[in-house]
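Everything below concerns the one structure shown next.
Protein chains: 2
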Amino acid sequence: MRELKQLPNSLTKSIADNQRGQVDRDGADVSADINRFRLISGYRSGDRRIEAGRDLFSIGSPEDAIFNLLDGWVALYTLLEDGRRQIVQFALPGAVLGLFPTRGAQATFGAQALTDTVLCVIPHSKLSEFTRDEPDIAMRLARSLARDCNLAFDHMTSIGRRSARERVAHLLLELFVRYRAQWPGHRIEEMCLPLTQEQIGDATGLTFVHVNRVLRVLRKERIAEFHYRRLRILDPDKLIEIAGIDPQIAMAWLDQRPGS
Amino acid sequence: MRELKQLPNSLTKSIADNQRGQVDRDGADVSADINRFRLISGYRSGDRRIEAGRDLFSIGSPEDAIFNLLDGWVALYTLLEDGRRQIVQFALPGAVLGLFPTRGAQATFGAQALTDTVLCVIPHSKLSEFTRDEPDIAMRLARSLARDCNLAFDHMTSIGRRSARERVAHLLLELFVRYRAQWPGHRIEEMCLPLTQEQIGDATGLTFVHVNRVLRVLRKERIAEFHYRRLRILDPDKLIEIAGIDPQIAMAWLDQRPGS
DNA sequence: CGCTGAGTTGAAACATGTCAACCGGTGTGG
DNA sequence: CCACACCGGTTGACATGTTTCAACTCAGCG
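Going down the list, the sequences are from chains A and B.
Numbering of the first sequence is given in this note's numbering, commencing with residue 10 and proceeding in unit increments.
Numbering of the second sequence is given in this note's numbering, commencing with residue 10 and proceeding in unit increments.
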């Protein structure tokens with residue numbers, strides 16, 4: 010299993026630019042208002058930046074704060090003793106991370122920044138205070154967790170019951186739809202997907218060798234291209250068909266922000 | 010794919026008896042105080058009973074109430090168009106079901122009673138009222154969802170990265186530990202596990218034929234026996250080793266009740 | 001007494017993993 | 001400035017775990 014290292018600087022920089030939408034290929038200005046992903050607007054102890062490749066928290070870290078992801082991509086992952094790795098979820102801006110089942114428990118999964126990221130940090134000591142003042146917040150938290158759960162269930166179904174080809178198509182489509190939902194009204198069929206083939210493998214339960222083969226076929230069939238962190242959907246209908254997506258479920262992905 | 014039908018009456022009855030702990034093989038009286046699994050004690054619109062094999066809610070049902078499972082086993086499952094099925098979670102007493110990512114959304118997964126069950130039903134119309142009166146409840150809800158998420162991540166890791174043998178061992182151990190945690194101080198290595206081999210397959214992402222082979226080997230190796238809904242752990246250490254469980258994670262299973 | 005659901009078993013097919021080699025780009029150190 | 005190491009990707013040959021298909025048992029039930 011290859012080690013996970015940092016991306017070359019030039020790449021992460023261009024990813025971050027693309028991520029923030031400052032420049033895009035059709036020239037439209039889609040600058041992000043970062044605050045639209047902020048769950049708790051008033052209360053915060055300050056934003057934190059994490060550079061690509063670092064962990065927001067690792068397996069075994071104590072629960073000390075919850076994070077509201079404002080910008081960037083994050084992968085949640087688990088590890089087995091012998092190094093096998095499973096990416097269990099991709100978090101996009103708006104996500105809430107770091108709430109565990111019991112107060113002060115240790116994390117059973119890690120969270121790694123795939124790009125440079127910006128977080129809003131809410132220390133645990135303040136959380137109960139907020140929820141008391143504004144009871145709505147805890148409910149939004151719960152809804153956010155429910156969304157994560159739904160995504161996880163969907164993912165699990167993919168890994169457990171779909172073929173390699175279906176899994177890869179499903180993941181590409183999921184990430185494409187979720188990403189595009191962040192830029193409403195902005196219709197592009199191309200995006201920056203800050204993943205390696207190995208990470209796609211870790212998310213789909215496949216080896217990177219096999220992911221490569223599947224991607225090659227999809228490319229040859231002119232359905233989708235993924236190359237060096239750029240994803241281009243050539244035939245959306247075909248991809249949806251392969252992924253076996255119920256439009257119902259696709260709709261659930263569209264609403265990334267909790268509480269709405 | 011075989012259809013899922015009801016269990017024979019005699020079996021479900023004995024399961025329910027065992028579940029309620031009215032009689033156990035060592036003669037100890039372990040009658041359940043059903044109320045210890047009640048999340049919201051005061052407010053309720055009444056308990057509901059669901060018989061084994063029926064759905065608490067199905068895929069596509071609207072969110073109208075949340076359920077607090079008080080007694081019995083429930084399987085959460087998803088379906089693909091062609092009938093492939095994935096069990097994404099097993100819910101035990103104390104679980105909270107039916108909160109979806111957006112108000113009034115439709116369920117993307119179903120919930121099927123594996124035994125006769127008892128639920129406390131809290132209609133959605135009352136939920137906001139409760140959380141306003143007692144802000145703590147929403148937070149306990151969130152913690153409960155966080156636990157479900159953790160379980161789902163763990164499950165996903167199993168399906169994505171473990172071999173068939175490891176997956177089956179892991180599932181048996183998970184259910185054993187979670188079940189036993191409900192009867193503190195009660196040390197038995199035998200339990201009623203109200204599943205068919207096909208359901209184990211649906212939970213682990215395997216075919217029931219292969220599950221059968223794996224179980225047969227585990228039986229021959231005198232590690233664990235599963236036969237007609239009785240599970241007996243013969244060599245716990247060996248099973249833990251095969252399952253590749255981090256004791257850390259096992260501890261997280263132990264606390265089934267939210268908010269503690 | 002036949003039917004049905006669950007479990008069991010074997011043989012063959014096939015999807016995916018493993019191992020190994022090689023390519024091109026990027027950063028790095030001499 | 002070049003040589004080198006390293007990472008991510010690509011490809012082929014082969015190994016193997018799991019599925020598929022099919023037949024058969026057993027128990028409970030009408």
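Just so you know, even glycine gets a beta-carbon here, dropped at the ideal spot from N, CA and C.
Cβ atoms of R156 of chain A and P245 of chain B: under 7 Å apart, would you say? Residue mapping note: residue 245 of chain B aligns to position 236 of the second sequence, counting from 1. Residue mapping note: residue 156 of chain A aligns to position 147 of the first sequence, counting from 1. Against a cut-off of 7 Å, the Cβ pair of R156 of chain A and P245 of chain B comes out as no contact.
From K247 of chain A to F185 of chain A, what distance separates their C-alpha atoms? Here residue 247 of chain A refers to the residue found at position 238 of the first sequence. Here residue 185 of chain A refers to the residue found at position 176 of the first sequence. Approximately 14 Å, taken between the alpha carbons.
Listing by chain order, which chain B residues have their CB less than 7 Å from the CB of D157 of chain A? On the first sequence, position 148 is the one that residue 157 of chain A refers to. The answer, in chain order, is C158.
Do R141 of chain B and P144 of chain A have their beta-carbon atoms positioned less than 7 Å apart in this structure? Along the first sequence, read from residue 1 onward, the residue named residue 144 of chain A stands at position 135. Along the second sequence, read from residue 1 onward, the residue named residue 141 of chain B stands at position 132. Yes, the pair counts as a contact, with Cβ atoms nearer than the cut-off.
Got a sec: is the Cβ-Cβ distance from G36 of chain B to anything in chain A below 7 Å? Taking the second sequence and counting its residues from 1, the one referred to as residue 36 of chain B is at position 27. At G36 of chain B, the pLDDT of 32 sits below 50, so the modelled position is not reliable and the matter cannot be decided from this model.
Can you find the residues in the same chain that come closer than 6 Å, C-beta to C-beta, to R174 of chain A, ignoring five residues on each side of it along the sequence? Within the first sequence, the letter at position 165 stands for residue 174 of chain A. If we look at R174 of chain A and ignore the five residues flanking it on each side, its Cβ neighbours are V223.
Which of helix, strand or coil does DSSP assign to A104 of chain B? Here residue 104 of chain B refers to the residue found at position 95 when the second sequence is read from its first residue. It is coil, neither helix nor strand.
Sub-7 Å separation of L101 of chain B and P203 of chain B beta-carbons: Position 92 of the second sequence holds residue 101 of chain B. Position 194 of the second sequence holds residue 203 of chain B. Contact: no.
Kindly indicate the opening and closing residues of the alpha helix (DSSP H) around D142 of chain A. Taking the first sequence and counting its residues from 1, one reaches residue 142 of chain A at position 133. Note, D142 of chain A: alpha helix (DSSP H), 133-142.
Hey, out of B:W82, B:R47, B:I232, whose CA is closest to H179 of chain B's CA? Sequence index remark: in the second sequence, residue 179 of chain B carries index 170 (1-based). Cα-wise, what sits closest to H179 of chain B is B:I232.
Could you tell me whether the Cβ of F46 of chain A comes closer than 7 Å to any Cβ of chain B? The sequence position of residue 46 of chain A within the first sequence is 37, counting from 1. Chain B, which has no Cβ nearer than 7 Å to the Cβ of F46 of chain A, makes this no.
Check this for me: beta carbons of L128 of chain A and L160 of chain A, under 7 Å apart or not? Position 119 of the first sequence holds residue 128 of chain A. Position 151 of the first sequence holds residue 160 of chain A. No, Cβ-Cβ distance for L128 of chain A and L160 of chain A is not below 7 Å.
DSSP on P71 of chain B, reduced to helix/strand/coil? Residue numbering aside, residue 71 of chain B sits at position 62 when the second sequence is read from its first letter. Residue state, collapsed to three classes: strand.
Can you look up Y188 of chain B in the DSSP assignment and give me helix, strand or coil? On the second sequence, position 179 is the one that residue 188 of chain B refers to. Of the three classes helix, strand and coil, the one that applies to Y188 of chain B here is helix, per DSSP.
Got a sec, what are the start and stop residues for the alpha helix (DSSP H) Q115 of chain A sits in? Position 106 of the first sequence, counted from the first residue, corresponds to residue 115 of chain A. No alpha helix (DSSP H) contains Q115 of chain A, which DSSP labels as neither H nor E.
Chain-ordered neighbours of I168 of chain B on chain A, where CB pairs are closer than 8 Å: On the second sequence, residue 168 of chain B is found 159 positions in, with the first residue counted as 1. Result: M165, I168, G169, G214.
Who does Q95 of chain B pair with in a DSSP beta bridge? The residue given as residue 95 of chain B occupies position 86 in the second sequence. Bridge partners of Q95 of chain B: B:T87.
Three-state secondary structure assigned by DSSP to E207 of chain B: Mapped onto the second sequence, residue 207 of chain B falls at position 198. Helix.
Residues bridged to T126 of chain A (per DSSP): For the purposes of this step, residue 126 of chain A is identified with residue 117 of the first sequence, where counting begins at 1. Per DSSP, A:I59.
Can you tell me which of B:V177, B:D255, B:G253 puts its alpha carbon nearest to the alpha carbon of R225 of chain B? In the second sequence, the residue the question calls residue 225 of chain B occupies position 216. The shortest Cα separation from R225 of chain B among B:V177, B:D255, B:G253 belongs to B:V177.
If contact means a Cβ-Cβ distance below 9 Å, which residues of the segment 89-103 of chain B contact chain A? L89, E90, D91, R93, R94, Q95, I96, V97, Q98
How big is the Cα-Cα spacing for R45 of chain A and D80 of chain A? Position 36 of the first sequence, counted from the start, is the residue given in the question as residue 45 of chain A. Position 71 of the first sequence, counted from the start, is the residue given in the question as residue 80 of chain A. Spanning the two alpha carbons is a distance of roughly 11 Å.
Return the residues of the segment 128-156 of chain A that lie within a Cβ-Cβ distance of less than 7 Å from chain B, sorted by chain order. T140, R141, P144, A147, M148, L150, A151, R152, L154, A155, R156
Is K22 of chain B helix, strand or coil by DSSP? As a working note, residue 22 of chain B is residue 13 in the second sequence. Interpretation of K22 of chain B is limited by its pLDDT of 38, a score under 50 that renders its predicted location unreliable; the figure taken from the coordinates is listed afterwards. Here K22 of chain B sits in helix by DSSP.
Whole-angstrom distance between E198 of chain B and L243 of chain B, CA atom to CA atom: Position 234 of the second sequence, counted from the start, is the residue given in the question as residue 243 of chain B. Position 189 of the second sequence, counted from the start, is the residue given in the question as residue 198 of chain B. For L243 of chain B and E198 of chain B, the distance between alpha carbons rounds to 7 Å.
Would you mind working out which of B:I249, B:P71, B:L88 sits nearest L181 of chain B, comparing C-alpha positions? Residue 181 of chain B sits at position 172 when you count from the first residue of the second sequence. Out of B:I249, B:P71, B:L88, B:I249 has the C-alpha closest to the C-alpha of L181 of chain B.
Given that a residue counts as buried once 16 or more other Cβ atoms are within 10 Å of its Cβ, and exposed if not, what is H195 of chain A? As a working note, residue 195 of chain A is residue 186 in the first sequence. H195 of chain A should be labelled exposed.
Taking 7 Å as the CB-CB limit, is T117 of chain A close to chain B? Taking the first residue of the first sequence as 1, we reach residue 117 of chain A at position 108. Closer than 7 Å: yes.
Verify the CB distance criterion: does L181 of chain B have a CB-CB separation below 7 Å to chain A? Along the second sequence, read from residue 1 onward, the residue named residue 181 of chain B stands at position 172. L181 of chain B does not count as touching chain A.
CB of Q98 of chain B within 7 Å of CB of G69 of chain B, strictly: Here residue 98 of chain B is taken as the residue at index 89 of the second sequence, counted from 1. Here residue 69 of chain B is taken as the residue at index 60 of the second sequence, counted from 1. No, the pair does not count as a contact, with Cβ atoms beyond the cut-off.
Contact list for the segment 67-80 of chain A against chain B, Cβ threshold 9 Å: I68, G69
For the segment 199-225 of chain A, list every residue whose C-beta sits within 9 Å of some C-beta in chain B, in sequence order. D211, A212, T213, G214, L215
Rounded to whole angstroms, what's the CA-CA distance from I254 of chain A to F66 of chain B? Just pull it up for me. As a first step, residue 254 of chain A must be located in the first sequence, where it is residue number 245. As a first step, residue 66 of chain B must be located in the second sequence, where it is residue number 57. So the two alpha carbons sit approximately 21 Å from each other.
Quick one: grab the DSSP three-state call for E250 of chain B. On the second sequence, position 241 is the one that residue 250 of chain B refers to. E250 of chain B falls in the helix class under three-state DSSP.
Would you call E183 of chain A buried or exposed, if buried means 16 or more other Cβ atoms sit within 10 Å of its Cβ? As a first step, residue 183 of chain A is located in the first sequence; it is residue number 174 there, counting from the start. The residue is buried, with at least 16 neighbouring Cβ atoms inside 10 Å.
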